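Numbering (the working numbering), first residue to last: 3 to 232.
We put the beta carbon where it would ideally sit given N, CA and C, even for glycine.
Given the structure is predicted, the values throughout are model-derived calculations rather than measurements.
Everything on this sheet refers to the single structure shown next.
See the structure below:
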């Protein structure tokens, strides 16, 4: 899959890219809430060196990069993002933050083996046709004992998805939605239900990671996995 193909796929998925980038900013606090930072403190920070290198896969508009920079001012923070509208939405980043504009379907990080202390991948894997190459490249650059915090949509029943996504789930069946609206709803259902929790655990284990903690939330529609390079 070429970089252009990935960019086209993301543009179709996000539709109005600039608007979606703003939505990502507005919803940042909901994704990176007290539970997220509690998991970070308990399971990621113990693996960090005094001046760690931190990596974020699929950085979007870059708010997590800024948050990591503020939380760990001695760290080098590296983001990975390829969507042009997300790169533009990042604006000027702090001096110790940089972004690799690479396609996670075929990444080639210009980083030494074992040079990264910890990484995050938040609501990015569900957007990928295959995450194997990214996980393999991450395992190369992450140090032995380095850790990954992965948080994402996972497969859930259609009824649960409708209940969570729609103010009135009955509208799917009462004739009030257009064919385009119904099509859009089901396309997103497929995208958000690409992998199950067990699928993600399997992928991590097969690419050289050991699961330290798994926690499903929001009615089983999301999972948080913390894994360590084996």
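message = Closest to residue 158 by C-alpha separation, out of 129, 136 and 193, would be which residue?
response = Counting from 1 along the chain shown, the entry for residue 158 is found at position 156. Here the closest residue by C-alpha is 193.
Cut-off 6 Å between Cβ atoms - residues of its own chain near residue 216, not counting five sequence neighbours on either side = In the chain shown, counting from the first residue as 1, residue 216 sits at position 214. Counting only Cβ-Cβ distances below 6 Å, and skipping sequence neighbours, we find 227.
query = DSSP state of residue 134, grouped into three classes?
reply = By 1-based counting over the chain shown, the position of residue 134 is 132. Reduced to three states, the DSSP call for residue 134 is helix.
task = Determine the DSSP secondary structure at residue 197, reduced to helix, strand or coil.
result = Against the chain shown, residue 197 aligns to sequence position 195. Three-state DSSP puts residue 197 in coil, outside helix and strand.
task = Could you please give me the residues that DSSP links to residue 80 through a beta bridge?
result = Sequence index remark: in the chain shown, residue 80 carries index 78 (1-based). DSSP lists 57 and 100 as the beta-bridge partner residues of residue 80.
query = What number of angstroms, rounded off, separates the C-alpha of residue 100 from the C-alpha of residue 129?
reply = Against the chain shown, residue 100 aligns to sequence position 98. Against the chain shown, residue 129 aligns to sequence position 127. Each residue's alpha carbon lies about 23 Å from the other.
task = Give the single residue among 119, 67, 112 and 104 whose Cα lies nearest to the Cα of residue 94.
result = In the chain shown, residue 94 corresponds to position 92, counting from 1. Closest by alpha carbon: 67.
key: Alpha carbon of residue 238 to alpha carbon of residue 225, nearest angstrom   = Absent from the structure is residue 238, since the part of the chain shown begins at 3 and ends at 232.
key: Residue span of the alpha helix (DSSP H) that contains residue 39, given as start and end   = On the chain shown, position 37 is the one that residue 39 refers to. Per DSSP, residue 39 belongs to the alpha helix (DSSP H) from 36 to 41.
task = Let me know the secondary structure DSSP gives residue 146 once reduced to three states.
result = As a first step, residue 146 must be located in the chain shown, where it is residue number 144. Three-state DSSP puts residue 146 in a strand.
inquiry  = Using only the alpha-carbon positions, how far apart do residue 61 and residue 230 sit?
reply    = Stepping through the chain shown from its first residue, residue 61 is reached at position 59. Stepping through the chain shown from its first residue, residue 230 is reached at position 228. Each residue's Cα considered, the two are about 21 Å apart.
query = In angstroms, rounded to a whole number, what distance separates the CA positions of residue 75 and residue 5?
reply = The residue given as residue 75 occupies position 73 in the chain shown. The residue given as residue 5 occupies position 3 in the chain shown. So the alpha carbons of these two residues sit roughly 32 Å apart.
inquiry  = Classify residue 168: buried if its beta carbon has 16 or more other beta carbons within 10 angstroms, exposed otherwise.
reply    = The residue given as residue 168 occupies position 166 in the chain shown. Residue 168 comes out exposed.
Where residue 187 sits in the DSSP three-state scheme = Taking the chain shown and counting its residues from 1, one reaches residue 187 at position 185. Residue state, collapsed to three classes: helix.
ask   = Can you give the beta carbon distance from residue 84 to residue 8, rounded, assuming they're within the 8 Å contact cut?
value = Start at 1 with the first residue of the chain shown, and residue 84 comes out as number 82. Start at 1 with the first residue of the chain shown, and residue 8 comes out as number 6. About 6 Å; that satisfies the 8 Å criterion.
inquiry  = My assumption, with CB atoms under 8 Å, is that residue 57 sits in contact with residue 118. Please give the rounded CB distance.
reply    = On the chain shown, position 55 is the one that residue 57 refers to. On the chain shown, position 116 is the one that residue 118 refers to. Right, their Cβ atoms sit about 5 Å apart.
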